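Student:
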Amino acid sequence: EAERTGAQDALAHAYFGLDWAYLALGRRDEAVNSPRAVEIYERLGALDRLAWALNIMGGRAYLAGRWEEAIAYADRARSTFVRIGDEMNATVAALNVACIRSDQGRMEDAEPLLRRGLELRRAGGNPLKIADGASELGRFAGRIGSFDEAHALLAEARELFSVEGDEVELLAADVWRVECLVLEGASAAALELAADALARATTTPGVAILAATLQRLRGWAFMQLRDLENAGAAFEESLSLARLEGENIGMRSADYELALTLDALEQLGDLVGQPTADLERERDAIVARLAVLQLTRPPLPH
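With my numbering, letter number 108 in the sequence shown gets 127, and the count goes up by one each step, no holes.
Encoded structure:
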């Protein structure tokens, strides 16, 4: 109807809105309409909407495991937002780049984007945008060992998400808190928080990847406590969840979670004397495809 009446803008909006829905539903292979939206918006000179369509294309590439392509789209989206003076929405694309770089282990590339993004969002005053920026910087801070900063930022993020009623991102902030505790070696505290978060994850649709992350982190906490049997069970559950196809509200990478869990299973295999060649082979293939330099690995007691 939109095409017949010449309403190109409405047609383009429908294209990228449809792709957004497909990605959130876990139907990535059907999200093929955004390139047409980009063509229309470029022709119309609608730069604000062009930026969002590029961002969606980046999201699809990210979920498909083409991370360098995803970064290229996100960079185009960011520069398009900046071109029209929309610094606030430019932080959306910038944080997308930062999160990928952090996952790849390219911390020096990620940190300035995360810090500048949160600074701009604080100036803008939107609670959910501040919460999102604080959550992502908090996770990053935990990964680089700045645990006090990580806990402060994640506490701020979860409070804002709670007030605003965003249950999925509130859960994500708690997952990053568990991750921070495991990276600190605070195993018992991590297991306690993970149990609470997992109970919520089971009643929240579209968060299988977050549940997989929680199970993997439980496995590491058990390994830190030398409870290798429970560690193995948690890792296997994480692997099963990460391999599920389905709704993915936060648009989180199943490939990356698989690589992290395979790496954890490889570490466990070394401890118990089991063969790990197949695990290493699958992990290394994913790591190479995602251009990951180094996977985050929690400490184990000597």
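Using N, Cα and C, we set each Cβ at its ideal position, and we do this for glycine too.
Everything numeric in this text was worked out from a predicted model, so none of it was measured.
Looking only at C-alpha atoms, which of Ile163, Ser154, Arg95, Glu198 sits nearest to Leu179?
Tutor: Ser154
Student: Where does Ala31 land, buried or exposed, given buried means 16+ other C-beta within 10 angstroms?
Tutor: buried
Student: Check this for me: beta carbons of Leu281 and Glu301, under 8 Å apart or not?
Tutor: yes
Student: Give the straight-line distance between the Cα atoms of Ala50 and Thr222, rounded to the nearest whole angstrom.
Tutor: 27 Å
Student: Compute the beta-carbon to beta-carbon distance between Val116 and Asp94, rounded to the nearest angstrom, for a pair I have assumed lies under 8 Å.
Tutor: 6 Å
Student: Within the chosen definition, does the segment 126 to 145 reach the segment 183 to 198 through at least 3 CB pairs nearer than 8 Å?
Tutor: no
Student: When we look at the beta-carbon of Gln313 and count the other beta-carbons within 10 Å, is it buried (16 or more) or exposed?
Tutor: exposed
Student: With contact counted as at least three CB pairs below 8 Å, one residue from each stretch, are the segment 265 to 272 and the segment 69 to 83 in contact?
Tutor: yes
Student: Grab me the residues of Ser257's own chain with a C-beta within less than 6 Å of its C-beta, minus the 5 sequence neighbours each way, in chain order.
Tutor: Ala231, Gln234, Arg235, Thr280
Student: State buried or exposed for Pro294, treating a residue as buried only when at least 16 other CB atoms are found within 10 Å of its CB.
Tutor: So Pro294 counts as exposed.
Student: Checking 8 Å against the spacing of the C-beta atoms, do Arg162 and Leu202 come in under that value?
Tutor: Going by C-beta atoms, Arg162 is nearer than 8 Å to Leu202.
Student: Quick check for students: name the residue ranges of the alpha helix (DSSP H) that lie wholly in the segment 232 to 282, counting only runs of 4 or more.
Tutor: 247 to 261
Student: Classify Ser259 as buried or exposed, calling it buried when 16 or more other Cβ atoms lie within 10 Å of its own Cβ.
Tutor: Exposed, since its Cβ has fewer than 16 Cβ neighbours within 10 Å.
Student: At the level of alpha carbons, what is the spacing between Leu44 and Leu277?
Tutor: 19 Å
Student: Within the same chain, show all residues whose beta-carbon is closer than 7 Å to that of Leu139, passing over the 5 residues directly before and after it, in chain order.
Tutor: Glu106, Met107, Thr110
Student: Could you tell me whether the segment 50 to 66 touches the segment 33 to 40, where touching means 3 or more Cβ pairs closer than 8 Å?
Tutor: yes
Student: Going by beta carbon distance, what residues of the same chain come within less than 7 Å of Trp39, once the five residues before and after it are set aside?
Tutor: Here the set comprises Ile75.
Student: Measuring alpha carbon to alpha carbon, tell me which of Phe100, Leu247, Ile305 ends up nearest Trp13.
Tutor: A question about residue 13 goes unanswered here, because the residues of the chain that appear run from 20 up to 321.
Student: Measuring only the C-alpha atoms, how far is Ile228 from Glu285?
Tutor: 20 Å
Student: Look up Val311 in the DSSP assignment and say whether it is helix, strand or coil.
Tutor: In the structure shown, Val311 sits in coil (DSSP, three-state: anything other than H, G, I, E or B).
Student: Leaving aside the five residues before and after Ala26 along the sequence, list all residues of the same chain whose C-beta is less than 6 Å from its C-beta, in chain order.
Tutor: none
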